[in-house]
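Trainee:
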Amino acid sequence: MIICNKEDVIKAIETHNVKFIRLQFTDIQGVVKDVEIPVTQIEKALTSGIYFDGSSIEGFVRIDESDMTLKPDVRTFAILPWSKDKGGVARIICDIQMPDGRNFEADPRYVLKKVMKEAEEMGYTFNVGPELEFFLFEKVEGKATTNPHDFGRYFEFAPTDLAEDIRRDIVLTLTDLNFDIEASHHEVAFGQHEIDFKYGDALTTADNVITFKYVTRTIAKLYGLHATFMPKPIAVENGSGMHVNLSLSKSDENAFYDPNGEMEISETTKQFIAGVLKHIKAISCISNPLVNSYKRLIPGYEAPVYITWSGANRSSLIRIPSARGKSTRVELRSPDPSCNPYLTFAAILAAGLDGIKNQMDPGKIMDYNVFDLTKEERMERGIDTLPSTISESADYLEKDELLKNTLGPHVHDNILRLARAEWDAYRTQVHDWEIQRYLNTI
């Protein structure tokens with residue numbers, strides 16, 4: 001079902017007996033918010049929007065400037081397949097505007113749209129293909145635990161993998177919502193899974209990430225389980241990442257592919273990589289926004305730690321998968337699924353474009369396992385590391401003028417405020433590990 005305009009929405013509502021519409025958007029942290037309206041209000045919503053109190057949304061506005069408007073993006077209209085008992089329910093993702101019709105500067109979708117327009121003015125379309133990992137945990141008396149639903153490992157199947165049917169239901173639901181699913185499988189950790197969907201332009205993909213998480217949690221709940229995108233819920237297991245495959249197209253051709261270039265990649269590719277590497281410490285505050293995010297980014301659990309780039313080498317922060325031609329792309333391996341995808345994709349694109357505009361050099365390729373090097377060997381090769389805490393990455397974001405301009409002062413300042421509040425809340429707690437380690441020995 002392809003929706004292009006207001007008339008298509010009205011027709012779909014009538015055809016599918018839709019009774020309610022969920023108008024959805026995200027706050028600065030990427031948390032999905034929605035307001036449900038009866039179908040009798042859809043004409044008003046599509047024409048003039050629906051007003052709401054923006055002061056109650058994290059990182060938006062103060063109480064004295066709280067009136068805001070949800071403007072549905074009709075292209076995101078979709079029927080929710082699990083809500084048909086008393087008439088259908090549909091979903092539309094919204095842009096956020098001020099009462100006078102201006103775009104709200106802190107709307108994460110608008111932030112991404114601005115950077116995509118800059119890329120378009122340079123002749124580029126930015127394509128993103130994310131790989132989201134998640135855990136399925138058991139519930140006890142309705143509360144989530146960290147008890148894995150199964151004890152399968154990478155690519156295992158039934159009877160070890162108990163979640164085959166759950167993943168299939170998620171895939172079928174996403175397919176009903178116009179996703180093009182490429183693969184699904186059990187991941188490395190107990191209870192961990194991955195479902196991959198086809199790449200698209202950055203805005204469509206960011207919308208899809210939000211929908212993917214919403215659908216996955218809903219289907220898990222129907223099975224009596226809890227799905228979480230927490231980066232590192234179990235200390236001794238691999239964490240959940242959101243590797244992002246990135247490419248630029250120009251005049252319908254892959255701008256990263258050059259059959260005559262070294263590794264068959266273009267100079268544009270190298271410059272894009274260089275820009276991302278330059279800004280990655282600041283980007284980390286956006287792409288890895290939790291205290292818990294940095295417990296994933298440690299040696300020994302297949303997550304990147306060192307700021308390097310390579311060919312197919314999976315120990316690097318950025319690698320270039322072996323596919324070429326129209327499939328040429330770079331893979332950034334540090335983001336995790338707790339991030340706001342709109343702001344994360346905006347920051348990555350802005351950094352890549354900075355590299356292209358300034359013809360940056362990414363430095364020497366690292367075609368070996370960086371984790372095998374000693375600290376001294378890494379220092380000799382000039383290999384730097386990602387930030388180790390949210391506090392550290394916030395310090396880098398505060399000093400990064402490019403990302404401050406990309407995000408706008410409102411979003412930039414609120415991301416810093418939230419990051420530092422999270423760090424302060426964490427560092428002032430006394431944790432069970434400390435009690436167990438010190439109480440009886442000190």
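So in this note's numbering, the last spot in the sequence shown is 442, and the numbers never skip. Ideal Cβ positions, reconstructed from N, Cα and C, are used throughout, including at glycine. All values derive from a computational prediction rather than experimental measurement.
Between the alpha carbons of HIS186 and SER334, how many angstroms are there, rounded?
Mentor: Rounded to whole angstroms, HIS186 to SER334 spans 20 Å at the Cα level.
Trainee: Between which residues of its own chain and VAL215 is the CB-CB distance below 8 Å, once the five residues before and five after are set aside?
Mentor: Taken in chain order, the residues that qualify are ILE170, THR173, LEU174 and LEU177.
Trainee: VAL89 and VAL9: beta carbons closer than 8 Å?
Mentor: No, Cβ-Cβ distance for VAL89 and VAL9 is not below 8 Å.
Trainee: Would you grab the beta carbon distance between GLU138 and HIS149 for me? Rounded to a whole angstrom, and I think it's under 8 Å.
Mentor: Sure, about 6 Å apart at Cβ, within 8 Å.
Trainee: Tell me, please, which residues DSSP counts as bridged to ASP67.
Mentor: Answer is ASP53, bridged to ASP67.
Trainee: Between ASP100, GLY224, ILE79 and ILE96, which has its C-alpha nearest GLY142's C-alpha?
Mentor: Selected option, being the one with the closest Cα: GLY224.
Trainee: By alpha-carbon positions, which one of THR269, GLY300 and SER284 ends up nearest to TRP309?
Mentor: That would be THR269, whose Cα lies nearest to the Cα of TRP309.
Trainee: Is SER391 helix, strand or coil by DSSP?
Mentor: In the structure shown, SER391 sits in a helix (DSSP, three-state: H, G or I).
Trainee: Can you list, in chain order, the residues of its chain whose CB lies under 6 Å from that of ALA425, leaving out five sequence neighbours each side?
Mentor: Excluding residues within five positions, none has a Cβ falling inside 6 Å.
Trainee: Go through its chain and collect everything with a Cβ distance to GLU36's Cβ below 6 Å, but skip five positions before and after it.
Mentor: Closer than 6 Å at Cβ, skipping near neighbours: PHE20 and ARG22.
Trainee: State the DSSP-derived secondary structure class of GLN429, mapped to helix, strand or coil.
Mentor: It is coil, neither helix nor strand.
Trainee: Please name the residue, chosen from ASN127, GLU133, LYS33 and LYS221, that lies closest to ASP95 on a Cα-to-Cα basis.
Mentor: Looking at the Cα atoms, LYS33 is the closest of the given residues.
Trainee: Under DSSP, the beta strand (DSSP E) around PHE197 begins and ends at which residues?
Mentor: Start and end: 192-197.
Trainee: Taking the beta strand (DSSP E) that PRO130 falls in, what are its first and last residues?
Mentor: From DSSP, the beta strand (DSSP E) with PRO130 extends over 125-140.
Trainee: Give the C-beta separation of THR26 and PRO108 to the nearest angstrom, bearing in mind that I take them to be a contact with Cβ-Cβ under 8 Å.
Mentor: Yes, THR26 and PRO108 are in contact; Cβ-Cβ is about 6 Å, under 8 Å.
Trainee: Taking all protein chains shown into account, do 16 or more other C-beta atoms lie within 10 angstroms of the C-beta of THR428, making it buried, or fewer, making it exposed?
Mentor: Answer is exposed; the Cβ neighbour count stays below 16.
Trainee: Assuming TYR396 and ALA282 form a contact by the criterion Cβ under 8 Å, report the distance between their Cβ atoms to the nearest whole angstrom.
Mentor: That pair is a contact at about 4 Å.
Trainee: Throw me the rounded Cβ distance for the ALA303 and ILE234 pair, which I believe falls under 8 Å.
Mentor: About 14 Å; that fails the 8 Å criterion.
Trainee: Of all the options TYR368, ASP367 and GLY352, which has the alpha carbon lying nearest to the alpha carbon of ASP361?
Mentor: Ranking the options by Cα distance to ASP361, first place goes to GLY352.
Trainee: Provide the residue(s) that pair with HIS16 in DSSP beta bridges, ordered along the chain.
Mentor: The partner list for HIS16 (beta bridge, DSSP) is empty, contrary to what the question assumes.
Trainee: With a floor of 3 residues, list each beta strand (DSSP E) that falls wholly inside the stretch 193-264, ordered by position along the chain.
Mentor: Fully enclosed beta strand (DSSP E) runs of 3 or longer: 225-228 and 242-250.
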